[in-house]
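Quick notes on the structure that follows.
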């Protein structure tokens, strides 16, 4: 089994990379503030400099599907051009370029991660909808051209680890980690209603309004599947079930 050593950002200056086979760089700010993004880039540059200069064996950078066109018609492939529509996307793509340059002489890759969902991801619409269904028993959604390529955080962790089980020398420069399966807001609401019925014997009513927003965050994960055999396994219904149980437990503890 792999020996995984978590390193807090504040401890990076005193960490010895010389005995590390694979560095997995996850740190980057979600905040879109320009100064915060700049600080994040400075930090990643330091991690890269320390890891490579001290002789780390290989480097995995956690990137994002955000670098692709957010209004794409097909699941994004690694060969698709970057379409950087946010400061966050610019920052993530800049890190990829740094990794490819600084790590030119050691095995490295960039994992372009799907948008993640899970119990503690309260910023996601899935979690917000579960909260709303618990509070009001009803959901109102738009029926538009928004297709969310969500992936459970457990699948994300397993997907990253799948790359540590093959020879780093065989890695491609970038991998998508996600699914071609997407969910509309209407599908999410219907799934929440099904889970509430099964778990709580409670009815959630759904109202649907017309909408015009366009979004698609689907990913073509065939390269990772080919090289490691990994594909996401956790269905939306199971993610919703876990989120619901987590929120019910939180409410019980706060009483």
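Residue numbers (the working numbering): 29 to 283.
In this text, a Cβ means the ideal position worked out from N, Cα and C, and glycines have one as well.
Bear in mind the structure is a predicted one, so any value in this text is a computation, not a measurement.
Residue nearest to residue i in terms of C-alpha spacing, selected from the options
i           : options            : result
residue 22  : 182, 108, 274      : The structure shown does not extend to residue 22, since the chain is modelled only from 29 through 283, so no value can be given for it.
residue 101 : 185, 176, 35, 205  : 176
residue 86  : 223, 133, 160      : 133
residue 303 : 166, 261, 243, 123 : Examination of residue 303 is not possible in this model, given that the chain is present from 29 through 283 alone.
residue 189 : 231, 56, 51        : 51
residue 237 : 168, 152, 229      : 168
residue 258 : 194, 75, 67        : 194
residue 265 : 93, 98, 218        : 218
residue 228 : 276, 40, 280       : 276
residue 180 : 165, 152, 104      : 152
residue 135 : 84, 166, 103       : 84
residue 224 : 271, 254, 75       : 271
residue 59  : 263, 116, 36       : 116
residue 104 : 81, 209, 33        : 209
Whole-angstrom distance between residue j and residue i, CA atom to CA atom
i           : j           : result
residue 199 : residue 45  : 20 Å
residue 171 : residue 118 : 30 Å
residue 184 : residue 178 : 10 Å
residue 226 : residue 234 : 16 Å
residue 106 : residue 222 : 35 Å
residue 211 : residue 278 : 26 Å
residue 273 : residue 146 : 11 Å
residue 154 : residue 201 : 32 Å
residue 69  : residue 215 : 37 Å
residue 197 : residue 252 : 15 Å
residue 114 : residue 240 : 20 Å
residue 79  : residue 141 : 22 Å
residue 292 : residue 90  : For residue 292 there is no data in the structure shown, the boundaries of the chain being 29 and 283.
residue 61  : residue 123 : 17 Å
residue 67  : residue 112 : 19 Å
residue 125 : residue 156 : 35 Å
residue 42  : residue 53  : 16 Å
residue 81  : residue 34  : 20 Å
residue 165 : residue 37  : 41 Å
residue 40  : residue 75  : 7 Å
residue 139 : residue 32  : 18 Å
residue 173 : residue 263 : 21 Å
residue 150 : residue 71  : 26 Å
residue 254 : residue 129 : 26 Å
residue 280 : residue 163 : 14 Å
Cβ-based burial, residue i [other Cβ within 10 Å; buried from 16]
i           : result
residue 120 : buried
residue 207 : buried
residue 131 : buried
residue 231 : exposed
residue 48  : buried
residue 93  : buried
residue 63  : exposed
residue 187 : buried
Inter-residue CB distance, residue i and residue j (contact presumed, cutoff 8 Å)
i           : j           : result
residue 137 : residue 88  : 6 Å
residue 95  : residue 110 : 5 Å
residue 243 : residue 204 : Wrong, their Cβ atoms sit about 17 Å apart, outside the cutoff.
residue 268 : residue 158 : 7 Å
residue 220 : residue 161 : 5 Å
residue 256 : residue 191 : 6 Å
residue 98  : residue 282 : About 36 Å; that fails the 8 Å criterion.
Beta carbon proximity, residue i to chain C, threshold 7 Å
i           : result
residue 227 : Annotation note: the requested chain C is absent from the structure, which comprises a single protein chain.
message: To test your reading of the DSSP string, which unbroken alpha helix (DSSP H) runs of 4 or more residues are found completely within the region 127-187?
response: 153-164
- request: Kindly provide the ranges of any alpha helix (DSSP H) runs that are 4 or more residues long and lie completely inside the region 31-107, ordered along the chain.
  value: 62-81
task: May I have a chain-ordered list of the beta strand (DSSP E) segments no shorter than 3 residues that lie completely inside the region 209-275?
output: 233-244
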